[in-house]
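S.K.: For the sequence shown, numbering that gives the first Met the number 0 assigns the number 0 to the initial residue and increments by one for each residue that follows.
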Amino acid sequence: MKTKHFTTLLLIAALFFCLPGCTFLYESRVEDPDTLQHLHYQAEQAESEGRYKAAAKAYGRLARAHSEKA
0 MKTKHFTTLL LIAALFFCLP GCTFLYESRV EDPDTLQHLH YQAEQAESEG
50 RYKAAAKAYG RLARAHSEKA
């Protein structure tokens, strides 16, 4: 019975020390509003100039930022 409790305690201690290193569990990359506004302006500018591939890339970055935020 003691070994079962010891094993459980050991597992909890290991998780306690390992999980704080996994920042992806509680931190996400959030773009600041100025960067998002600049990306949106870049996309619209490229689209108005007929550079559709560059516009698509900028819109893709905006979509990624939106989905990461959600």
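Ideal Cβ placement from N, Cα and C applies to all residues, glycine included.
Would you mind stating whether glutamine 41 and alanine 57 have Cβ atoms separated by less than 7 Å?
M.R.: The answer is yes: Cβ separation under 7 Å.
S.K.: Using a Cβ-Cβ cutoff of less than 7 Å, which residues in the same chain neighbour histidine 65 once the five nearest sequence positions on both sides are dropped?
M.R.: Excluding positions up to five away in sequence, the list is empty.
S.K.: Quick one: residues in its chain with C-beta nearer than 8 Å to the C-beta of arginine 60, no 5 flanking neighbours on either side, listed in chain order?
M.R.: Closer than 8 Å at the Cβ level, and outside the excluded window around arginine 60, lie Leu38.
S.K.: Can you tell me whether DSSP reads alanine 59 as helix, strand or coil?
M.R.: Looking at the sequence itself, residue 59 is glycine, so the reference to alanine does not match. If DSSP states are grouped into helix, strand and coil, glycine 59 belongs with the helices.
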